[in-house]
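Heads up, the sequence shown is in our numbering, so the first residue is 6 and it goes up one at a time. From the three backbone atoms N, C-alpha and C, an ideal C-beta is built for every residue, glycine too. What follows is a single structure, written as structure tokens, with notes after it.
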Amino acid sequence: METRKRIIKVASELFLKYGLRSVIIDDICNELRISKKTFYVHFKQKEELIESLLTEMRHKKSTVGNSFSPDENAIDIMWRHLNAFKSNDLAEKHINFFYDLQKYYPTIAQNHAQEIEQQYLTRVCASLKAGVEQGVLRSDLNITGLAVLMKNIGFAVTVRELHDTTDMSVLQIIDFMADTFIRVAATEEGQNYFASKRKNAHEKQ
């Protein structure tokens, strides 16, 4: 793996574990056993590293979002993404990361939000339209409006706006959002399908 990619990978791990503000360039160099001179060959400052890391995050999210099995319906895709986000404490770590980003690097956070917004809306609208065609989501949905609402709620969770004002944990909020979405958007067939997936998941635990 080339040095630049190694720096981004290790920095990402450290930022998620300790927080954006707590990790300094020296920490990253020590973890990689490289000199600061080597670091500065690839990144002029910490802010540039953060921007590169976010660019890679967006690329990975786009790749994952565009990969699905022909046998999956919209609820399968939502379920897969929920489980991926909830696994290995990723939800809490990502929320802490973006909370720090918003608080200490607001300009970078704003640029990231603008970059990801259209990508997110395009992907979600496509998934919702597919769900309607598959019969698991209601045919009278305002697809664009629902996609925007989901984006805004997701952003509120990401910056801790929701879970700082409630005693619910992050995972409880995510489950609540999923339940609310199904009740609002799914057909009876979709609701039953979601309930069966949840039941099967609980039985496997």
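| Asked | Found |
| --- | --- |
| Going by beta carbon distance, what residues of the same chain come within less than 8 Å of residue 24, once the five residues before and after it are set aside? | 101, 102 and 105 |
| Take the Cβ of residue 117 as the centre, count every other Cβ of all protein chains shown within 10 Å, and call the residue buried at 16 or more, exposed below. | buried |
| Could you check whether residue 195 and residue 80 sit closer than 7 Å to each other, using their CB atoms as the reference points? | yes |
| Just verifying my parser: in three-state terms, what is the DSSP assignment at residue 58? | helix |
| I need the straight-line Cα distance from residue 30 to residue 65, nearest angstrom please. | 24 Å |
| With DSSP as the reference, identify every bridge partner of residue 142, one or two as the case may be. | 191 |
| Residue 87 and residue 183 - do their beta-carbons sit closer together than 7 Å? | yes |
| Find out if the Cβ-Cβ distance for the pair residue 126, residue 152 is shorter than 7 Å. | yes |
| Under 7 Å, do residue 139 and residue 205 count as touching if we go by C-beta distance? | no |
| Just how far apart, CA to CA, sit residue 83 and residue 150? | 18 Å |
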